[in-house]
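Quick notes on the structure that follows.
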Amino acid sequence: MSFLMEEKEIMTALEALTARKGFIHVVAYFAFFYEFMGNDAEHLPTRNGIMLLLGLMAKHPIDTRLPSVFESEEMKEEALELLHRLTHIHGLMMNELRVNYPEDYMMRAEYYVVPIFYNPPGVFDLQYIDFAPKRYQKDDAWLLEHKGFESADMAELEKFFTFFLSPSRKRFLKRLERLNAQNIQTLTFLPAFTFNKKELGKRFSKAQVERILNLFDAFALDMNRGTYNAEFDSINVKNALLETPILKVGQDYFIFDFFTLFEALYTRPFDWMIADNTYRNEAASHRGRFTESMLNRAFSNVFGRENVYQNVEIIGRDDVGNDVDLGEIDLLVLWEGRAIVVQAKSQRLTDKARLGDEKSFKRDFFRAVQKSYQQGVSCYQHLTSVRNRLQIAGEPLEIPAIDEVYLVCAVSDYFPTLSSLAEVFLRVEEGNLYPSLVSDLFFVDFLCEVIESPEQFFAYMDQRASFEGKLYQPHELYFLAAFMAGVTEALLETPTDSPLLFETSGVELTQRFYQRYAKAGRIPDYFLE
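Below, the structure written as structure tokens:
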């Protein structure tokens with residue numbers, strides 16, 4: 009039997025399991041320990057497993073009746089066994105690709121399907137909920153007309169979940185402490201993930217409740233109307249729960265993974281808008297300006313607002329002396345003879361590419377990264393020519409002499425395994441270009457929050473370049489953790505033909521980053537435990 013057939017066999021068994029009476033309570037158990045208990049739940053499914061179970065559960069009517077303790081334990085054990093087998097099969101599938109294509113397996117889109125599914129995201133949930141209202145604040149009129157809510161309602165959700173999550177966790181932990189032979193029969197974690205009009209009414213005004221319910225409906229699969237995800241039988245097939253992560257049953261909304269909801273808040277509205285031919289150009293313009301403004305905020309945090317310039321035009325002259333537009337730098341950072349050229353793109357990894365379509369995969373990378381890199385190289389070359397001049401909105405910009413230039417290519421959406429892809433697919437120009445960083449807006453935001461000075465930023469950029477061929481990881485967070493841990497010397501001694509796999513938790517960096525939200529009172533207390 010082929011690995012693909014084995015995968016489908018396991019998925020079929022999982023689907024049958026998720027259709028059983030009360031399986032939603034098993035998912036709630038998994039979700040509670042993953043969401044609230046962290047390392048204490050290492051033997052239980054992580055986000056990808058929970059979302060896979062939910063995707064399969066949506067293929068059938070959901071029976072919310074409480075199973076017996078015996079039935080519940082039986083379903084938990086079977087789910088864990090099947091998910092473990094699925095993970096094993098996916099590992100074998102990757103090994104098979106390495107064996108069959110030893111020279112170029114990393115050049116094949118199908119090789120990245122498994123890492124994209126299993127790797128932890130390189131975004132913090134609070135970044136999504138922080139950025140989403142800012143990303144769509146200029147689209148409020150469209151959102152209100154077509155979906156019945158505004159960007160401010162996204163911000164209200166942050167307050168609600170901050171208010172709700174920590175008390176919910178404490179309430180259930182106290183209940184666990186009081187368990188005995190009688191009340192264990194009725195134990196369920198489902199209320200921790202159940203929301204409805206009454207629950208919202210405790211926190212919001214009547215008008216706010218209606219708008220938040222509209223928001224929930226926009227991101228929900230309404231199980232009262234039927235079933236969904238009919239073709240979902242493999243990780244190579246789209247799971248609708250990743251875009252609409254709320255399940256509506258009766259008048260209740262079940263939200264089992266808050267990160268996936270926050271991610272959908274950030275990504276999904278743009279999909280709605282570009283489907284509207286009368287609004288798509290305006291929506292695209294808003295998204296581009298948002299990305300540039302957030303990058304400006306990040307770099308200003310390190311270098312000072314007075315050293316960061318946005319939308320810098322490079323003007324040259326043709327053979328007869330006429331002005332010629334040579335390019336535009338999205339963001340130019342200047343510091344003591346050094347310049348950072350930042351080029352931003354809004355292209356993301358599309359669904360077809362995530363699922364292994366070769367053409368889509370390479371096209372998305374070219375549009376998101378290669379074009380950005382080439383534009384950055386071109387701007388670098390023009391920037392260092394004394395014959396050219398700079399301007400912002402028609403006003404001249406005089407800058408001091410530049411000795412070193414760094415290039416940052418940033419995409420506005422999280423781009424899975426981007427660091428690995430850049431190592432393999434990016435065609436780098438030969439010459440005197442100084443170190444480049446290919447990443448997403450979220451990592452740049454994180455980097456500029458934890459970096460303590462401009463000199464440390466440049467040190468990271470320099471030593472990041474030395475990692476090439478020695479350290480292969482799916483996301484820049486690993487490289488930053490390695491840099492902060494001071495392991496650079498060991499990496500430099502590793503032969504370039506023997507890639508070093510470096511694992512680190514980056515706990516201290518994460519704690520430092522979360523302090524930004526803790527200081528503003530925007531974080532549940534268990535985040536910092």
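Just add 8 to wherever you are in the sequence shown, counting from 1, and you've got this note's numbering.
Glycine residues also receive a C-beta, built at the ideal position from the N, C-alpha and C atoms.
| Asked | Found |
| --- | --- |
| How many Å lie between E300 and C417 at the Cα? | 12 angstroms |
| Let's test the definition: count the other Cβ atoms within 10 Å of the Cβ of H96 and tell me whether it reaches 16, buried, or not, exposed. | exposed |
| So what's T504 in DSSP terms, helix, strand or just coil? | Low per-residue confidence applies at T504: pLDDT is 44, beneath 50, and the placement is therefore not dependable, though the value from the model is reported in the following sentence. Note: T504 maps to coil in three-state DSSP. |
| From the DSSP output, read off the bridge partner residues of F343. | Position check: residue 343 holds Trp in this sequence, whereas Phe was assumed. Paired residues: R346. |
| Any chance the region 338 to 345 sits against the region 358 to 366, with 3 or more Cβ pairs inside 8 angstroms? | no |
| Does DSSP classify I5 as helix, strand or coil? | With the chain covering only 9 through 537, there is no way to say anything about residue 5. |
| Should D505 be labelled buried (16 or more other beta-carbon atoms within 10 Å of its own) or exposed? | Per-residue confidence for D505 stands at a pLDDT of 41, beneath the threshold of 50, marking its modelled position as unreliable; the derived number appears in the next sentence. So D505 counts as exposed. |
| May I ask you to verify whether the region 347 to 354 touches the region 412 to 426, counting CB pairs closer than 8 angstroms and requiring at least 3? | yes |
| Who are the Cβ neighbours of E457 in its own chain at under 8 angstroms, not counting the five residues just before and after it? | A306, N309, R520, F521 and R524 |
| Quick check: Y126 and R116, are their CB atoms within less than 8 angstroms of each other? | no |
| Expressed to the nearest angstrom, what Euclidean distance is found between the alpha-carbon atoms of L434 and I407? | 30 angstroms |
| When burial is assigned at 16 or more other CB atoms within 10 Å of the CB, is R219 buried or exposed? | buried |
| With distance defined between alpha-carbon atoms, name the residue in R211, L62, V34 and D161 nearest to L249. | L62 |
| Does the Cβ-Cβ distance between G156 and N232 come in under 8 angstroms? | no |
| What do you get for A401, buried or exposed, if any count of 16 or more other CB atoms within 10 angstroms of its CB means buried? | exposed |
| Taking the beta strand (DSSP E) that P404 belongs to, which residues open and close that run? | E403 to L405 |
| Please state whether DSSP places N315 in a helix, a strand or coil. | helix |
| Quick check on the DSSP output: the alpha helix (DSSP H) that includes F491 runs from which residue to which? | E484 to M492 |
| In its own chain, which residues sit with a C-beta less than 7 angstroms from the C-beta of V316, not counting the 5 before and 5 after it? | N304, F307, S308, L339 and V341 |
| To the nearest angstrom, how far is the alpha carbon of V35 from that of Q464? | 44 angstroms |
| In this structure, does DSSP put D327 in helix, strand or coil? | coil |
| Roughly how many whole angstroms lie between the Cα atoms of S242 and V332? | 52 angstroms |
| I need the straight-line Cα distance from L509 to F450, nearest angstrom please. | Bear in mind that a pLDDT of 42 at L509, under 50, signals an unreliable position, so the number given afterwards is only what the model happens to contain. Spanning the two alpha carbons is a distance of roughly 23 angstroms. |
| Between which residues of its own chain and Y287 is the CB-CB distance below 7 angstroms, once the five residues before and five after are set aside? | W150 and M281 |
| Drop a sphere of 10 angstroms on the beta-carbon of P128, count the other beta-carbons inside from all chains shown, and report buried for 16 or more, exposed for fewer. | exposed |
| Mind checking V377: buried by the 16 CB within 10 Å criterion, or exposed? | buried |
| What residue does the alpha helix (DSSP H) around I97 start on, and which one ends it? | V77 to N108 |
| In whole angstroms, give me the CA-to-CA distance for Y136 and E344. | 34 angstroms |
| Suppose you measure from the CA of L22 to the CA of L60; what does that come to, to the nearest Å? | 9 angstroms |
| Quick check: what's the CA-CA separation for T392 versus A291? | 34 angstroms |
| Over the uninterrupted alpha helix (DSSP H) stretch that includes S368, give me the two end residues. | E366 to F373 |
| For V432, which residues of its own chain have a beta-carbon under 7 angstroms away from its beta-carbon, when the five flanking residues on both sides are left out? | M114 and M115 |
| So, is E271 buried or exposed, given that buried needs 16 or more other C-beta atoms within 10 angstroms? | buried |
| Which of the three DSSP states, helix, strand or coil, is assigned to Y113? | helix |
| Does the Cβ of D147 have 16 or more other Cβ atoms within 10 Å, making it buried, or fewer, making it exposed? | buried |
| When you compare only the Cα positions, how much space is there between P94 and E82? | At residue 94 the sequence reads Leu, which differs from the Pro that was named. Each residue's alpha carbon lies about 18 angstroms from the other. |
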